[in-house]
Structures are given as C-alpha cells and as structure tokens.
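Q:
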Amino acid sequence: MPSHETLKVELAERSYDIYVGDGLLAEAGALIKPVIRSQRLIVVTDENVAPLYLAGLENSLEAAGLSSESIILPAGEQTKSIAYFEQLIDQILAKKIDRQCTLVALGGGVIGDLTGYAAASVLRGIDFVQIPTTLLSQVDSSVGGKTGINAAHGKNLIGAFYQPRLVLADIDTLDTLPQREILAGYAEVAKYGLIDDPEFFAWLEQTGIDLCNGNKDHRRQAVLKSCQSKAKIVAEDETEQGRRALLNLGHTFGHTLEAETGFSDKLLHGEAVGLGICLAFDLSAHLGLCTKDDANRTRAHYAAVGLPTSPTEIDGVEWHTDALLNHMQSDKKVENGKVTFILVRAIGEAFVARDINMADARLIVDKAIRQN
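Note that our numbering has the sequence shown beginning at 1408, numbered continuously upward.
1. Taking the beta carbon of G1859 as the centre, do at least 16 other beta carbons fall within 10 Å, making it buried, or is it exposed?
2. Thinking C-beta only, is L1653 closer than 8 angstroms to A1757?
3. Could you pull the start and end residues of the beta strand (DSSP E) that F1608 belongs to?
4. If you draw a straight line from the C-alpha of A1567 to the C-alpha of A1512, how long is it?
5. Starting from the C-beta of G1514, find all residues in its chain whose C-beta is less than 6 angstroms away, skip the five residues before and the five after it, and write them out in chain order.
6. Could you check how far apart the C-beta atoms of V1641 and V1550 are, in whole angstroms? I think they sit under 8 angstroms.
7. Are F1688 and D1700 touching if we call contact CB-CB under 8 angstroms?
8. Give the list of continuous alpha helix (DSSP H) stretches no shorter than 4 residues that lie fully inside the stretch 1654-1701.
9. Bridge partners of Q1537, per DSSP?
10. In whole angstroms, give me the CA-to-CA distance for G1621 and V1680.
11. Using the three-state DSSP reduction, which class does K1553 fall into: helix, strand or coil?
12. Pick out whichever of C1634, E1725, T1554 has its Cα sitting closest to the Cα of I1578.
13. At what residues does the beta strand (DSSP E) containing S1477 begin and finish?
14. Distance check for V1574 and A1482, CA to CA, integer angstroms please.
15. Return the residue from the list A1559, E1643, A1730, R1627 that minimises the CA-CA distance to D1429.
16. CB K1487 to CB V1517, shorter than 8 angstroms?
17. For N1779, I'd like the list of residues in its chain whose CB is within less than 7 angstroms of its CB, leaving aside the five on either flank, ordered along the chain.
18. Measuring alpha carbon to alpha carbon, tell me which residue in R1761, M1765, R1769 is nearest G1649.
19. Does the distance between the C-beta of G1661 and the nearest non-hydrogen atom of the ligand ATP fall short of 7 angstroms?
20. Measuring only the C-alpha atoms, how far is E1484 from L1618?
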C-alpha cells in the first residue's frame, strides 16, 4: 500500500489536494514546497501538539530547503477566541512577514480554525496549509475552508470562508490522541454515513469499535471516505448556500450544548455533535419524518463505541431548557428569525428544515435533559 492517497477539492483556481496516509509529517516539506510561493513558513501549534510533532515537522521543512518559525498557543477551545486571535495576529506581524509567507496549522480543529482565520485576515490574506492531528480535524474542520473563532454569543460566529493550499492528514498522529478525542472525532465520521451514505454507516456499525480502539486500516479508510464525502459537497457548494448545510447535521443542537458549557472541556465539540445528531433524529422521529427505529439505531451505535448519547451523561452541568433555546436562537444558522435544523427521513437521507415549530424543539430538548 502506498504511504498516502490523494484527493482533490475541486474549486477551480482555488483547488487543492488532501493527502491521507501514514508518515506524512516526514514528507511534509517535500509535499508543501510545490504549492507555496516562498520558502518562509510560520507554524502555528499548541502546547499539547508541539512536544509531539513540531520538531519532526521542522526537520522535514528544513530538509526541503524551507525556513520555518513557530508560534505555540495554549491548547483547548478557549484559545479559539478574539483574545487569542489578536495575540496570534500580533505575533505573526511581529515577524515582519510579507504576502508570500505561508502559515502552517499543526494541530486540531482549534488551531486549524484560528490559523485559517488569521491567514484570511493578515495582510488581507496569505496562504496557509492544514496539518490536522486529531481525528475530528482530519475528517471535518481541516477540509472546506471554514475558518473562524467563537464569540460570547455563540460558536464560530466570527470567521471567513478561506481555503488552504494543502491538507496533510497523517494517520500516525492519531496514535497519541486520548481515547476521548478519538471518540469525539468518530462522531463526525459517522455523520457522513447518516447524511447520505447508509452503506458507509452500516460499515461503521461493523468496524467502528475496532476503529476507535486503534485499527489503523479502518482509521485510514474512514478518514479517506469522510474527506471524499466532504470534498464533494464543498466542491458543489463552497459557501454553504445549499447542500453544504447538510454537514451541519447535529450542529444546531450541538452548538447549543457547547455554549451552555462555556465551550469548555466538559463537552468536546465532537461529543456535542454526537449528542446533537441523536437529538436531530429524535426530533425527526417525533415529527414523523423518520422511524423511531432509525433514531434508536443511531443512538445505539454512538453508545456502542463509547460516546455519550444524552446530555444527562455529562458530569457537572445543570441543564436548563430556556437557556438552551436561547443559545439556539443566537446560532449563525438562524435565518429571518427561524432556526435552521438538519433533519432526516432515514439514515442516509438528511435534509434542511427551516420551518420547524420551536415548541417541538423545546419538547425534545426538555425530554433529553430530564432523562434519568
């Protein structure tokens, strides 16, 4: 088997490749060099990832004749904020960059989103490369050009669509992830099957536990399939005017739960998405759009791999229905005062719903947070 496989996100002059495979950090310099405009790069990473992978990346860049400097930020969702965005921009500008310089995001979704937004903003836009080191960022946030930061009013409310020059998804970096982070990423993997690929979801039902427990072949296949699915959707609808909205399955509920926990480690983004998907299926079943069996099957699979399937499983959080509904009304997907939901007619048949009575959403939320 080759060390990596290549996919392309087709966006005319902004098209770029996604490499998925093993040992890609060692090849990073050679793979990055052809797609950047100068030999100068700034690597942005965090305090968890830097000790593991920064030196290896720097060695690879140096071997390819590239010059790099690094900026190391605190780890965690709290870093995806206005304060750290300002700090990052200041540190980048202090290095007296020009528009030929390239940023490299080495880390998970927080680093990728923050670095991408910095690249979109500094000097009115410079190139950046994504090197995602978590399962969630490899299958979701590193692909498609959504960049941004959180605000006090909600998640990802500040940002830009800005595509990277290249994505390198090194499966080896998943070996050092805590199991909780693997599971959080897996919630997004399963999402691709639930949106429009019931055969992929059925495959995951057979392989998901092994995948989460370290089977590298299954991980590689899952990352490849997830990236293929996302690349196709992004190529059809880059700025989320239509079909790309389906990728938000579970996110309306999920972002609401995250906001109520203060975007803290009490609830990881992938965990919130998994919970949100369960609630989206519950709402769909309640409205008679899908069967209760489909909702139960989805929840059973997430539970089988070890993900929470009810908000009541999250320790140290006192949930309140009114507060959750208020967060929902602040979501960026609200249009003309209407909350947008991604609902399902079956596993693999997701659709956009913009006319849902909030009394029905309230009923689902209220029931979910009162389960024993």
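We put the CB at the ideal spot given by N, CA and C, even for glycine.
A: According to the data block:
1. Residue 1859 lies beyond the stretch modelled for the chain, which goes from 1408 to 1779, so this question has no answer here.
2. Counting from one through the sequence shown, the residue named residue 1757 turns up at place 350. Counting from one through the sequence shown, the residue named residue 1653 turns up at place 246. The beta carbons of A1757 and L1653 sit closer together than 8 angstroms.
3. By 1-based counting over the sequence shown, the position of residue 1608 is 201. Element bounds for F1608: not the beta strand (DSSP E) but the alpha helix (DSSP H), 1605-1619.
4. Residue numbering aside, residue 1567 sits at position 160 when the sequence shown is read from its first letter. Residue numbering aside, residue 1512 sits at position 105 when the sequence shown is read from its first letter. Using only the alpha carbons, I get a separation of about 16 angstroms.
5. Within the sequence shown, residue 1514 is the residue found at index 107, counting from 1. Once the five neighbours on either side are set aside, the close Cβ partners of G1514 are T1452, D1453, V1456, T1540.
6. Taking the first residue of the sequence shown as position 1, residue 1641 is located at position 234. Taking the first residue of the sequence shown as position 1, residue 1550 is located at position 143. About 7 angstroms separates the CB atoms of V1641 and V1550; that is less than 8 angstroms, so the two are in contact.
7. Position 281 of the sequence shown, counting from 1, holds the residue named residue 1688. Position 293 of the sequence shown, counting from 1, holds the residue named residue 1700. Taking the C-beta atoms as reference points, D1700 is found no nearer than 8 angstroms to F1688.
8. Complete alpha helix (DSSP H) runs here, min 4: 1658-1667, 1676-1693.
9. As a first step, residue 1537 must be located in the sequence shown, where it is residue number 130. In DSSP, Q1537 forms a bridge with A1512, V1574.
10. Here residue 1621 is taken as the residue at index 214 of the sequence shown, counted from 1. Here residue 1680 is taken as the residue at index 273 of the sequence shown, counted from 1. Their Cα atoms are separated by approximately 22 angstroms.
11. Along the sequence shown, read from residue 1 onward, the residue named residue 1553 stands at position 146. Here K1553 sits in strand by DSSP.
12. Locating residue 1578 in the sequence shown gives position 171, counting from the first residue. Of the listed residues, the one whose Cα sits closest to I1578 is C1634.
13. Within the sequence shown, the letter at position 70 stands for residue 1477. Counting along the chain, the unbroken beta strand (DSSP E) around S1477 starts and ends at 1474-1480.
14. By 1-based counting over the sequence shown, the position of residue 1482 is 75. By 1-based counting over the sequence shown, the position of residue 1574 is 167. Counting only the Cα atoms, V1574 lies some 21 angstroms from A1482.
15. Along the sequence shown, one-based indexing puts residue 1429 at 22. Check the Cα spacing between D1429 and each of A1559, E1643, A1730, R1627: the tightest is with R1627.
16. As a working mapping, residue 1487 is identified with position 80 in the sequence shown. As a working mapping, residue 1517 is identified with position 110 in the sequence shown. Against a cut-off of 8 angstroms, the Cβ pair of V1517 and K1487 comes out as a contact.
17. Within the sequence shown, the letter at position 372 stands for residue 1779. Residue confidence for N1779 is low, a pLDDT of 46 falling below 50, so the modelled location carries little weight; the figure read from the coordinates is stated next. Excluding residues within five positions, none has a Cβ falling inside 7 angstroms.
18. Locating residue 1649 in the sequence shown gives position 242, counting from the first residue. Per the Cα distances, R1761.
19. In terms of ligand content, the structure shown is empty, and the ligand ATP therefore cannot be addressed.
20. In the sequence shown, counting from the first residue as 1, residue 1484 sits at position 77. In the sequence shown, counting from the first residue as 1, residue 1618 sits at position 211. Cα to Cα, the separation comes out at about 25 angstroms.
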